[in-house]
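K.L.:
Residue numbers (the numbering used here): 1397 to 1714.
Quick look at the structure:
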């Protein structure tokens, strides 16, 4: 099935390509042969001796043009006593390799009985030398209707005058719509949820670690390592202590120094926990689950104790 569809699309594309190539060749030949036009001097009308006032009279002007030329616009000027009903229609006719057929079609209606004066058709033709060509619309005769059904006169229909689109209002509406859309997007972007503070993010991570240990998704030795990283990262960001470039003894010396910002009551836990974590990490000792559980609780208490005063605490950290 896929192979059949592939060949179908290849054949379809080849036909389109061949058609386009033939048309292009005809266009080139018509360009080289010149831009002569063959347009009858007079349009054909469907009016007869029985044409009544208000009855539509079809007018048609059929002609050929080289492919390199086309009809850009057509204007019909009815003679005295007639009116143009509807718009002028420009239709393509038969294609003849180097030439293209065209039909200019229009409707006339007599406004009065008697002889209707001839009119004109103006054609605007494109090409190397654009030009306007004038052709005649023959006059015709019209008569009053012999009887009026239902007491209504059969007169020319009202002509619908097409108003040009209000491009100015359309453009203004488009600009206003884009401005409103930009404002809405800006408001949405400005309403981004701010990132939670450090202490809140750390407490959430500790809670997730507790859940992972309880479900068995995180092994105790992994728990020690993760909790160590959490505590070190928290203290580094909270107090600016360069944890990543310090060993555990160096780090403990920093937090136990006279200039340490860490509360003194939290320092014993930190020493005990980090030394136990190093034994698990480097000495490959079996972790103590109870000690790890207590460390999780004390780590949460450490974060709470060092939470900034301006974020809801009444004492503790700076």
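Note that CB positions come from ideal geometry on N, CA and C, so glycine has one too.
Under the three-state reduction of DSSP, which class applies to residue 1591: helix, strand or coil?
P.N.:
Per DSSP, reduced to three states, the secondary structure at residue 1591 is coil, with no helix or strand assignment.
K.L.:
Name the DSSP beta bridge partners of residue 1445, please?
P.N.:
None; residue 1445 has no bridge partner.
K.L.:
Reducing DSSP to helix, strand and coil, say where residue 1714 ends up.
P.N.:
The predicted position of residue 1714 is uncertain, since its pLDDT is 47 and thus under 50; no value can be drawn from it.
K.L.:
Please report the residue range of the alpha helix (DSSP H) in which residue 1619 lies.
P.N.:
Segment 1616–1635, the alpha helix (DSSP H) holding residue 1619.
K.L.:
Let's test the definition: count the other Cβ atoms within 10 Å of the Cβ of residue 1604 and tell me whether it reaches 16, buried, or not, exposed.
P.N.:
exposed
K.L.:
Does the stretch 1688–1706 come close enough to the stretch 1566–1585 that 3 or more CB-CB pairs lie under 8 angstroms?
P.N.:
Verdict: no, contact absent.
K.L.:
Classify residue 1737: buried if its beta carbon has 16 or more other beta carbons within 10 angstroms, exposed otherwise.
P.N.:
Since the first and last residues shown for the chain are 1397 and 1714, residue 1737 lies out of range.
K.L.:
Where DSSP assigns a beta bridge to residue 1536, which residues make up the other side?
P.N.:
BP columns for residue 1536 point to 1512.
K.L.:
DSSP three-state label for residue 1602, please.
P.N.:
helix
K.L.:
Roughly how many whole angstroms lie between the Cα atoms of residue 1687 and residue 1673?
P.N.:
10 angstroms
K.L.:
Could you name the residues of the same chain whose beta carbon sits closer than 6 angstroms to that of residue 1622, not counting the 5 residues immediately before and after it, in chain order?
P.N.:
1605
K.L.:
For my contact list, residue 1665 and residue 1631 are in at a C-beta cut-off of 8 angstroms; report their separation, rounded to the angstrom.
P.N.:
Between residue 1631 and residue 1665 the Cβ distance is about 12 angstroms, and since that is not below 8 angstroms, they are no contact.
K.L.:
Should residue 1641 be labelled buried (16 or more other beta-carbon atoms within 10 Å of its own) or exposed?
P.N.:
Burial call: exposed.
K.L.:
Where residue 1438 and residue 1573 are concerned, what is the direct C-alpha to C-alpha distance, given to the nearest angstrom?
P.N.:
52 angstroms
K.L.:
Assuming residue 1481 contacts residue 1456 under a Cβ cut-off of 8 angstroms, what Cβ separation, rounded to an integer in Å, is found between them?
P.N.:
Not confirmed; about 15 angstroms, so no contact.
K.L.:
I need the straight-line Cα distance from residue 1530 to residue 1503, nearest angstrom please.
P.N.:
So the alpha carbons of these two residues sit roughly 18 angstroms apart.
K.L.:
Considering only DSSP beta bridges, list what residue 1438 is partnered with.
P.N.:
Residue 1438 pairs with 1532.
K.L.:
Could you give the C-beta distance for residue 1513 and residue 1538, rounded to a whole number, given that I count them as a contact under 8 angstroms?
P.N.:
Not a contact, Cβ separation roughly 12 angstroms.
K.L.:
Assign residue 1447 to buried or exposed, taking buried as 16 or more other Cβ atoms, counted over all protein chains shown, within 10 Å of its Cβ.
P.N.:
buried
K.L.:
Can you list, in chain order, the residues of its chain with a C-beta nearer than 6 angstroms to that of residue 1667? Leave out the 5 residues immediately preceding and following it.
P.N.:
1648
K.L.:
Tell me the rounded alpha-carbon separation between residue 1474 and residue 1567.
P.N.:
36 angstroms
K.L.:
Please state if the CB of residue 1517 and the CB of residue 1500 are separated by a distance shorter than 8 angstroms.
P.N.:
yes
K.L.:
Are there 16 or more other CB atoms within 10 angstroms of the CB of residue 1462, so buried, or fewer, so exposed?
P.N.:
buried
K.L.:
With distances taken from CA atoms, which of 1596, 1492, 1541 is nearest residue 1459?
P.N.:
1492
K.L.:
For the ligand MG, any of its heavy atoms closer than 7 angstroms to the Cβ of residue 1634?
P.N.:
The ligand MG is absent from the structure shown, which contains no ligands of any kind.
K.L.:
Quick check on DSSP: helix, strand or coil for residue 1527?
P.N.:
strand
K.L.:
Return the first residue and the last residue of the alpha helix (DSSP H) that residue 1651 is part of.
P.N.:
1644–1651
K.L.:
Please state if the CB of residue 1449 and the CB of residue 1519 are separated by a distance shorter than 8 angstroms.
P.N.:
no
K.L.:
Just the Cα atoms here: how many angstroms apart are residue 1411 and residue 1486?
P.N.:
28 angstroms
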